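Novice: Below is a structure I'd like to ask you about.
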Amino acid sequence: MIPNYLQTEFEKIISRSYFSKKIRPIREKAFNSLMIDGLPQKKSESWRFTDLSSIKNGHFSISDKNDAPKKFIKLPKYGFESFKTIVIYNGHYQEDISSLPDGIELLSNIDYMEKHSLYVKQPYMSSFDLLNTAFMDSGMSFVIRKKEKVSTPLRLLFIYSGSNNIMVSPRIHLDLEHSSSLFLLEQHVGNCDEYLYNGSMIVNIEEGAKLEHVRIQNNSKKTINISNHHIQQKQQSIYRFNQIAFGSSLGRVNLHANLIGQGADCSLNGLSLSSGKQHLDSNITINHQASYCKSSQDFRFILKDRSSGVFNGRAIVQEGAEKTDSNQSNKNLLLSEHALMNSNPQLEIHNDDVKCSHGSTTGSLDNDALFYLRSRGIKKDDAIGILVRGFASKKVDSIKNDEIQTYVNEHFDKWLN
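Each residue of the sequence shown is one higher than the one before, counting from 1 in the numbering used here.
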């Protein structure tokens with residue numbers, strides 16, 4: 001079962017003449033499947049602790065051209081001036097103020113799909129993937145050619161502002177060919193209320209290629225942000241993911257990594273900072289399908305007030321994936337007796353010759369450490385800040401970019417105070 005407004009909005013999007021007619025049957029197939037499957041229910045294990053009533057009981061309209069910016073966007077206010085930036089404003093690609101680093105080819109999704117015989121990459125058909133496919137709007141594809149080492153970082157800047165009750169569904173393809181490399185920043189910012197973002201990013205990392213991917217989610221605390229990431233890694237490829245999540249009333253990242261080539265290396269990291277009644281959810285799956293692969297999941301949550309968090313982390317080792325090395329860690333810090341954390345690390349192993357571990361801890365500040373700092377003349381709030389920063393620092397320090405570290409530390413201090 002799906003909300004009635006989705007049927008109305010779907011009829012609107014398929015009637016828009018500026019979308020290619022070749023996309024229509026792809027949309028219709030996805031929407032028909034969505035109508036059968038419906039949106040997730042709480043009886044689903046991976047959605048048991050995440051309430052979707054704000055989507056099911058809301059009424060979101062697809063973005064149109066009137067939601068584009070009414071005045072020139074000043075990029076310096078969003079930081080990271082040394083990065084090349086692709087700007088997507090309320091779901092609309094802003095070509096006139098966007099730029100690409102040398103070595104990257106940008107295609108529209110229809111051009112990309114025509115090169116692949118109109119095949120839509122969709123390795124895992126969840127309800128929100130189907131919703132994205134049915135409503136995909138600002139679609140684009142980036143190709144990094146064989147052996148191309150892109151020296152300038154690329155930022156995808158998603159800005160939400162002005163209009164309320166908008167639903168946007170970006171579809172990003174990213175292909176890294178043999179032995180190429182890229183540093184990617186995905187940044188979500190805005191002050192818009194009652195906003196639904198349901199995006200998909202589909203990444204293919206060929207043999208010997210490397211992608212460093214940082215995601216900063218810093219939306220208004222009244223928005224909904226659902227992000228679906230699908231990663232496929234070939235032989236000896238490397239993927240490094242770091243998420244910093246501050247914003248949204250409901251924020252969830254669904255990340256599925258398939259390690260299909262021998263010796264692939266996948267490292268997934270996250271730091272979520274919630275306050276008020278925010279709910280931040282990380283749903284992570286790494287699927288080991290080849291031998292000698294390595295993976296890690298390390299996610300930390302810091303929760304204030306009446307906020308809540310979820311970590312669902314799953315590592316699967318398929319039969320034949322010998323010499324797998326996989327570890328999971330989830331550590332959570334509660335700064336309020338009313339904050340709530342649900343943690344569910346999982347290992348599913350179908351092979352004997354592996355090295356796997358997982359663990360989860362949830363607790364409050366160490367009173368002994370707090371007492372020690374106070375006994376040295378440090379004010380209570382300052383002492384709390386020292387301990388909380390120490391808990392978060394490992395995740396911030398794992399981001400190998402000074403500009404991003406500075407940005408995160410500044411926003412972390414604002415959040416903490």
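Virtual Cβ for every residue (Gly too), placed ideally from N, Cα, C.
On a predicted model such as this, the values are computed, not experimentally measured, just so you know.
Does the segment 371–390 come within contact of the segment 336–355, defined as at least 3 CB pairs closer than 8 Å?
Specialist: No contact exists between the segment 371–390 and the segment 336–355.
Novice: Hey, could you find the ends of the beta strand (DSSP E) N258 is sitting in?
Specialist: N258 -> beta strand (DSSP E) spans L250 to L259.
Novice: Taking the alpha carbon of H230 as the point to measure from, which residue in N287, S138 and G261 has its own alpha carbon closest?
Specialist: It is N287.
Novice: Thinking just about the alpha-carbon of each residue, which of S357, R24 and L387 is nearest to the one in F371?
Specialist: Taking only the C-alpha atoms, the option nearest F371 is L387.
Novice: Comparing alpha-carbon positions, which option in S99, D102, K42 and Y93 lies nearest M136?
Specialist: Closest by alpha carbon: Y93.
Novice: In the DSSP assignment, what are the bridge partners of N332?
Specialist: N332 pairs with F301 and T362.
Novice: Identify whether P123 lies in helix, strand or coil by the three-state DSSP scheme.
Specialist: Model confidence at P123 stands at a pLDDT of 46, short of 50, so the residue's coordinates are unreliable; what they give is reported in the following sentence. DSSP places P123 in coil when its eight states are reduced to three.
Novice: Using a Cβ-Cβ cut-off of 8 Å, state whether F80 counts as contacting chain C.
Specialist: Among the protein chains of the structure shown there is no chain C, as only one such chain exists.
Novice: How many Å lie between T406 and N164 at the Cα?
Specialist: Approximately 31 Å between the Cα atoms of the pair.
Novice: Going by other Cβ atoms of all chains shown within 10 Å of its Cβ, with 16 needed for buried, is P123 buried or exposed?
Specialist: Low local confidence applies: a pLDDT of 46 at P123 is under 50, so the model's placement there is unreliable, with the coordinate-based value given in what follows. Looking at its Cβ environment, which holds fewer than 16 other Cβ atoms inside 10 Å, P123 is exposed.
Novice: What residue range does the alpha helix (DSSP H) around V388 cover?
Specialist: Counting along the chain, the alpha helix (DSSP H) containing V388 begins and ends at K380 to D397.
Novice: Quick check on M35: does DSSP put it in helix, strand or coil?
Specialist: Helix, per DSSP.
Novice: Between the C-alpha atoms of S63 and I110, what's the straight-line distance to the nearest angstrom?
Specialist: Answer to the nearest angstrom: the Cα atoms are 19 Å apart.
Novice: Per the DSSP calculation, D325 is bridged to which residue(s)?
Specialist: DSSP lists K294 and K355 as partners of D325.
Novice: DSSP has E186 in a bridge; who is on the other side?
Specialist: Note: E186 sits in a beta bridge opposite L156 and R215.
Novice: Buried or exposed for I36, please, with buried defined as at least 16 other CB atoms from any protein chain shown within 10 angstroms of its CB.
Specialist: By the 10 Å Cβ count, I36 comes out exposed.
Novice: Tell me, to the nearest whole angstrom, how far the beta carbon of L196 is from that of F60; I am working on the premise that it is less than 8 Å.
Specialist: About 5 Å separates the two Cβ atoms, so the contact holds.
Novice: Output the distance between the C-alpha atoms of S497 and F72, rounded to the nearest integer angstrom.
Specialist: Only positions 1 to 417 of the chain appear in the structure, and residue 497 is not among them; the question remains open.
Novice: Per the DSSP calculation, T85 is bridged to which residue(s)?
Specialist: Per DSSP, R155.
Novice: Roughly how many angstroms separate the alpha carbons of I216 and L34, rounded to a whole number?
Specialist: Distance between the alpha carbons of I216 and L34: 29 Å.
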